[in-house]
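Peer 1:
Number of protein chains: 2
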Amino acid sequence: MAEIQSLARGLKILNLLEHSRNGMGTTEVANQLSIDKSSASRLLHTLANYGFVEQDEYSSRYTLGPQLLTLGQHLLNRITLRDHARPYLHELVDKTGECAHLAILAQRQALYIDQVESTAALRVESEIGTLSPLHCTALGKVMLAFGDCCMPDEMKPFTHRTVTDRSTLEAQLTQTGARGYAIDDEEYNYGVRCVAAPVYDHRGALVGAIGISGPAGRVTLERIDEFGSVVKDTADALSTRLGYDAKLRRRADADK
Amino acid sequence: MAEIQSLARGLKILNLLEHSRNGMGTTEVANQLSIDKSSASRLLHTLANYGFVEQDEYSSRYTLGPQLLTLGQHLLNRITLRDHARPYLHELVDKTGECAHLAILAQRQALYIDQVESTAALRVESEIGTLSPLHCTALGKVMLAFGDCCMPDEMKPFTHRTVTDRSTLEAQLTQTGARGYAIDDEEYNYGVRCVAAPVYDHRGALVGAIGISGPAGRVTLERIDEFGSVVKDTADALSTRLGYDAKLRRRADADK
DNA sequence: AACAGTGTTGTATTTTTGGCAACATATACA
DNA sequence: TGTATATGTTGCCAAAAATACAACACTGTT
Chain A
1 MAEIQSLARG LKILNLLEHS RNGMGTTEVA NQLSIDKSSA SRLLHTLANY
51 GFVEQDEYSS RYTLGPQLLT LGQHLLNRIT LRDHARPYLH ELVDKTGECA
101 HLAILAQRQA LYIDQVESTA ALRVESEIGT LSPLHCTALG KVMLAFGDCC
151 MPDEMKPFTH RTVTDRSTLE AQLTQTGARG YAIDDEEYNY GVRCVAAPVY
201 DHRGALVGAI GISGPAGRVT LERIDEFGSV VKDTADALST RLGYDAKLRR
251 RADADK
Chain B
257 MAEIQSLARG LKILNLLEHS RNGMGTTEVA NQLSIDKSSA SRLLHTLANY
307 GFVEQDEYSS RYTLGPQLLT LGQHLLNRIT LRDHARPYLH ELVDKTGECA
357 HLAILAQRQA LYIDQVESTA ALRVESEIGT LSPLHCTALG KVMLAFGDCC
407 MPDEMKPFTH RTVTDRSTLE AQLTQTGARG YAIDDEEYNY GVRCVAAPVY
457 DHRGALVGAI GISGPAGRVT LERIDEFGSV VKDTADALST RLGYDAKLRR
507 RADADK
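Protein chains in written order, with this note's numbering: chain A, 1 to 256; chain B, 257 to 512.
1. Closest to T319 (chain B) by CA distance: which of B:T282, B:S295, B:E354 is it?
2. Suppose the cutoff is 8 Å on Cβ atoms and the five residues either side in sequence are ignored; what does the same chain contact list for Q109 (chain A) look like?
3. Helix, strand or coil for E54 (chain A)? Go by DSSP, reduced to three states.
4. For chain A, find out if any of its Cβ atoms is closer than 8 Å to the Cβ of H346 (chain B); answer yes or no.
5. Please state if the CB of L263 (chain B) and the CB of L7 (chain A) are separated by a distance shorter than 8 Å.
6. Roughly how many angstroms lie between the CA atoms of C99 (chain A) and H90 (chain A), to the nearest whole one?
7. Among A:H45, A:Q115, A:E28, A:R42, whose alpha-carbon lies nearest the alpha-carbon of I210 (chain A)?
8. If we define contact as Cβ-Cβ less than 8 Å, is A30 (chain A) a contact residue for chain B?
9. Beta-carbon within less than 8 Å of L238 (chain A)'s beta-carbon, same chain only, minus the 5 sequence neighbours each way: which residues are those?
10. When the cut-off is 8 Å and only beta carbons count, does N189 (chain A) lie next to chain B?
11. Look at the alpha carbon of I4 (chain A) and the alpha carbon of R298 (chain B), and state the distance between them as a whole number of angstroms.
12. With 16 as the cutoff for other CB atoms within 10 Å, does G217 (chain A) come out buried or exposed?
13. Let me see if you follow: with CB-CB separation under 8 Å, is A8 (chain A) close to chain B or not?
14. If you draw a straight line from the alpha carbon of Q311 (chain B) to that of G266 (chain B), how long is it in whole angstroms?
15. Using the beta-carbon count (16 or more within 10 Å), is C136 (chain A) buried or exposed?
16. I need the straight-line Cα distance from D201 (chain A) to L498 (chain B), nearest angstrom please.
17. Which residue from B:L325, B:S295, B:V349, B:D292 puts its Cα closest to that of E274 (chain B)?
18. Enumerate in chain order the residues of its own chain whose CB-to-CB distance from L378 (chain B) is below 7 Å, with the five nearest sequence positions on each side excluded.
19. Counting only beta-carbon atoms, is H160 (chain A) nearer than 8 Å to chain B?
20. P343 (chain B) lies in the alpha helix (DSSP H); which residues open and close that run?
21. Can you list, in chain order, the residues of its chain whose CB lies under 6 Å from that of G72 (chain A), leaving out five sequence neighbours each side?
22. How long is the line joining the alpha carbons of D165 (chain A) and M155 (chain A), rounded to whole angstroms?
23. Is A304 (chain B) near G321 (chain B), with beta carbons less than 8 Å apart?
24. Report yes or no: is there a C-beta of chain B within less than 8 Å of the C-beta of T26 (chain A)?
25. Taking the straight line between their C-alpha atoms, what separation do you get for G208 (chain A) and Y112 (chain A)?
26. Got a sec, what are the start and stop residues for the alpha helix (DSSP H) G464 (chain B) sits in?
27. Quick one: residues in its chain with C-beta nearer than 6 Å to the C-beta of K488 (chain B), no 5 flanking neighbours on either side, listed in chain order?
28. Among B:L272, B:A359, B:T302, B:V398, which residue has its Cα nearest to the Cα of A2 (chain A)?
29. Alpha helix (DSSP H) containing R435 (chain B): first to last residue?
30. What's the gap between the Cα of D185 (chain A) and the Cα of L102 (chain A)?
31. Would you list the residues sitting across from M24 (chain A) in a DSSP beta bridge?
32. On the criterion of 16 or more Cβ atoms from any shown chain inside 10 Å, does Y172 (chain A) qualify as buried, or is it exposed?
33. Among B:S295, B:L462, B:K293, B:F308, which has the Cα closest to the Cα of L270 (chain B)?
34. Using a Cβ-Cβ cutoff of less than 6 Å, which residues in the same chain neighbour L272 (chain B) once the five nearest sequence positions on both sides are dropped?
35. Let me see if you follow: with CB-CB separation under 8 Å, is L327 (chain B) close to chain A or not?
36. Does E274 (chain B) get closer than 8 Å to chain A when you measure Cβ to Cβ?
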């Protein structure tokens, strides 16, 4: 597990520069990494040669370079949500023991585009490709609470717990927004509880939701917050993976 | 100008991986760079440690990693079109000797958001913040030809050369699209000719246009193609600087 | 079952690097 | 204005780190 020191140092410099607002000087970089000025200078020059950093002509401070943009952009083209979500779905299954799902918004409904099944004998199965209503599923409520789609026209009841009242749903949605994850408490299928959280892309736009579904016996109301934070953390990790920057969201919120 | 070899090699690897569709194996990388397998292996491991590449669990091939996305995204937030366009405007002034302008689309007009003045005694000046019509300015025609905005409702004449006929303008726009730059031949101000070309952002969307304006005596019809290619090349360079990938555009065209 | 292909890991050599110092230049201060 | 403290860059040589070679483990193929 030998690391190439000079390469590692170069990469550390890139990471450093990310967190500096106005770029950094050679000395500053050297101090942060506890290396000599001369080393920092040469590393920075090499990075600059390849466009990974660039030096302001006059202030001679270094900032991240355009090559990173090129490479990052290139990467984006190759990304498909489903491919990237898969390991996170597995993670959810590992941590919760319940089935995990990925859904996107399509035709004003929640479209299941992937699932990872748990190994438990008693488990909830749902087919990939299925469209589900927004108002009574955890994945759907995520779309409503965090996305920019409008409220459903009709709210058909599926169980006696299904919320069919618009104002009740809106109250649930603000609650959902506040805590960061949505809950479906036997509102779509009897005996099934679901928890889901939003997934954002690199631009901070909602691209989908991931969540878990399990029998009410295991996904109890007492433990549901615990499940909630697991789901939320996992969803956040996936968003980061897609290039989502938390700061971006804050800025977007501020714009409103 | 000593380069840190191992860092340079690491960066070269990143550039290599950009151009490979399904990632690359250790041996492949080593051959491409004419280095030993073992060196490639260690470099790749170091890159992976910092998330700049990642190794597929089963195929063990390497692809670009999420860290590049993070850094690239971060960079985007800092970018403002105007800041980045400035050096290119200077470049235009240096190469052509005429004033250079940057405009974006706003309220269905061309909004001048920056200019760099030439040092020539006789020069065209226009104020930053001015809105100009689309149908009779080079910058405006760029918006019409390369952007997705619709045709202006009315086409007011400013000189006797102003095109006020819709079909004539459309013919001009297809010509503009074909050659990659737009021309204003004394259609807005007497004695002034302008040339402009489109600027695309990292997503391949038109974000603005840059161009030059000069007295008809210097910007002659004979030399206008020469100016055109300079402007186009500079605009393309700026687009690349903003993370625009030529391949992206081609794909977008193919989609139509 | 032998083989050609991967990717990874020891190890000795030697090249490359990194720190020291000196230098040049810029900014602050009196 | 001159002095003083920053900064960033460059020569140099010792020293350490990277390299290439080789051996190894593993996979899939003929």
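Beta carbons are placed, not taken as given, at the ideal position from N, Cα and C, and that holds for glycine. Source: prediction; values computed, not measured.
Peer 2: According to the structure data:
1. The residue you call residue 319 (chain B) lines up with position 63 of the second sequence. Minimum Cα distance to T319 (chain B) is reached at B:T282.
2. Residue 109 (chain A) sits at position 109 when you count from the first residue of the first sequence. If we look at Q109 (chain A) and ignore the five residues flanking it on each side, its Cβ neighbours are L131, S132, P133, L134, G140.
3. Sequence index remark: in the first sequence, residue 54 (chain A) carries index 54 (1-based). Looking at E54 (chain A) - three-state DSSP - the assignment turns out to be strand.
4. Here residue 346 (chain B) is taken as the residue at index 90 of the second sequence, counted from 1. It does not; no Cβ of chain A falls within 8 Å.
5. The residue you call residue 7 (chain A) lines up with position 7 of the first sequence. The residue you call residue 263 (chain B) lines up with position 7 of the second sequence. In this structure, L7 (chain A) places its C-beta atom within 8 Å of the C-beta atom of L263 (chain B).
6. Here residue 99 (chain A) refers to the residue found at position 99 when the first sequence is read from its first residue. Here residue 90 (chain A) refers to the residue found at position 90 when the first sequence is read from its first residue. Roughly 9 Å between the two C-alpha positions.
7. As a working note, residue 210 (chain A) is residue 210 in the first sequence. Comparing Cα positions, the closest option is A:Q115.
8. As a working mapping, residue 30 (chain A) is identified with position 30 in the first sequence. Chain B, which has no Cβ nearer than 8 Å to the Cβ of A30 (chain A), makes this no.
9. What you label residue 238 (chain A) is simply residue 238 of the first sequence in a count that begins at 1. The residues are H84, A85, Y88, V199, I210.
10. Taking the first sequence and counting its residues from 1, one reaches residue 189 (chain A) at position 189. No, no contact with chain B.
11. What you label residue 4 (chain A) is simply residue 4 of the first sequence in a count that begins at 1. What you label residue 298 (chain B) is simply residue 42 of the second sequence in a count that begins at 1. If I take the Cα positions, the gap works out to 7 Å.
12. Residue 217 (chain A) sits at position 217 when you count from the first residue of the first sequence. Exposed: under 16 other Cβ atoms inside 10 Å.
13. Within the first sequence, numbered from 1, the residue matching residue 8 (chain A) stands at position 8. So yes, A8 (chain A) belongs to the interface.
14. To locate residue 311 (chain B), count along the second sequence from 1; it is residue 55. To locate residue 266 (chain B), count along the second sequence from 1; it is residue 10. Straight-line Cα distance between these residues: approximately 15 Å.
15. Taking the first residue of the first sequence as 1, we reach residue 136 (chain A) at position 136. Its Cβ being crowded by 16 or more others within 10 Å, C136 (chain A) is buried.
16. The residue you call residue 201 (chain A) lines up with position 201 of the first sequence. The residue you call residue 498 (chain B) lines up with position 242 of the second sequence. Distance from the CA of D201 (chain A) to the CA of L498 (chain B), rounded to the nearest whole angstrom, comes to 19 Å.
17. As a first step, residue 274 (chain B) is located in the second sequence; it is residue number 18 there, counting from the start. For the residues B:L325, B:S295, B:V349, B:D292, the minimum Cα distance to E274 (chain B) belongs to B:L325.
18. Here the question's residue 378 (chain B) lines up with position 122 in the second sequence. For L378 (chain B), the predicted structure reports a pLDDT of 48, less than 50, and the residue's modelled location is therefore unreliable. A value from the coordinates is still provided. Within the same chain, L378 (chain B) has close Cβ partners P471.
19. Taking the first residue of the first sequence as position 1, residue 160 (chain A) is located at position 160. False, the Cβ-Cβ gap to chain B never drops below 8 Å.
20. The residue labelled residue 343 (chain B) in the question sits at position 87 within the second sequence. Segment 337-352, the alpha helix (DSSP H) holding P343 (chain B).
21. Within the first sequence, numbered from 1, the residue matching residue 72 (chain A) stands at position 72. Excluding sequence neighbours, G72 (chain A) sits near nothing in its chain.
22. Working through the first sequence from its first residue, we reach residue 165 (chain A) at position 165. Working through the first sequence from its first residue, we reach residue 155 (chain A) at position 155. Computed Cα separation, rounded: 8 Å.
23. Walking along the second sequence from the start, residue 304 (chain B) turns up at place 48. Walking along the second sequence from the start, residue 321 (chain B) turns up at place 65. In this structure, A304 (chain B) lies near G321 (chain B), with their beta-carbon atoms less than 8 Å apart.
24. Indexing the first sequence from 1 puts residue 26 (chain A) at position 26. Not flagged as an interface residue toward chain B: T26 (chain A), since no C-beta distance is shorter than 8 Å.
25. Translated into positions along the first sequence, residue 208 (chain A) becomes position 208. Translated into positions along the first sequence, residue 112 (chain A) becomes position 112. Approximately 10 Å between the Cα atoms of the pair.
26. Numbered from its first residue, the second sequence carries residue 464 (chain B) at position 208. G464 (chain B): not part of any alpha helix (DSSP H); member of the beta strand (DSSP E) spanning 462-471, first to last residue.
27. Stepping through the second sequence from its first residue, residue 488 (chain B) is reached at position 232. So the list reads G436, Y437, A453, once near-sequence residues are dropped.
28. On the first sequence, position 2 is the one that residue 2 (chain A) refers to. Taking each of B:L272, B:A359, B:T302, B:V398 in turn and checking the Cα distance to A2 (chain A), the smallest one comes out for B:T302.
29. What you label residue 435 (chain B) is simply residue 179 of the second sequence in a count that begins at 1. Here the alpha helix (DSSP H) through R435 (chain B) covers 422-435.
30. The residue you call residue 185 (chain A) lines up with position 185 of the first sequence. The residue you call residue 102 (chain A) lines up with position 102 of the first sequence. Their Cα atoms are separated by approximately 18 Å.
31. Within the first sequence, the letter at position 24 stands for residue 24 (chain A). For M24 (chain A), which the question treats as bridged, DSSP gives the partners A:Y62.
32. Here residue 172 (chain A) refers to the residue found at position 172 of the first sequence. It should be noted that the sequence gives Gln, not Tyr, for residue 172 (chain A). That one is buried.
33. Mapped onto the second sequence, residue 270 (chain B) falls at position 14. Comparing Cα-Cα distances from L270 (chain B) to each of B:S295, B:L462, B:K293, B:F308, the minimum goes to B:F308.
34. Residue numbering aside, residue 272 (chain B) sits at position 16 when the second sequence is read from its first letter. Here the set comprises Q288.
35. To locate residue 327 (chain B), count along the second sequence from 1; it is residue 71. Answer yes: the Cβ-Cβ gap between L327 (chain B) and chain A drops below 8 Å somewhere.
36. Here residue 274 (chain B) is taken as the residue at index 18 of the second sequence, counted from 1. Chain A, which has a Cβ nearer than 8 Å to the Cβ of E274 (chain B), makes this yes.
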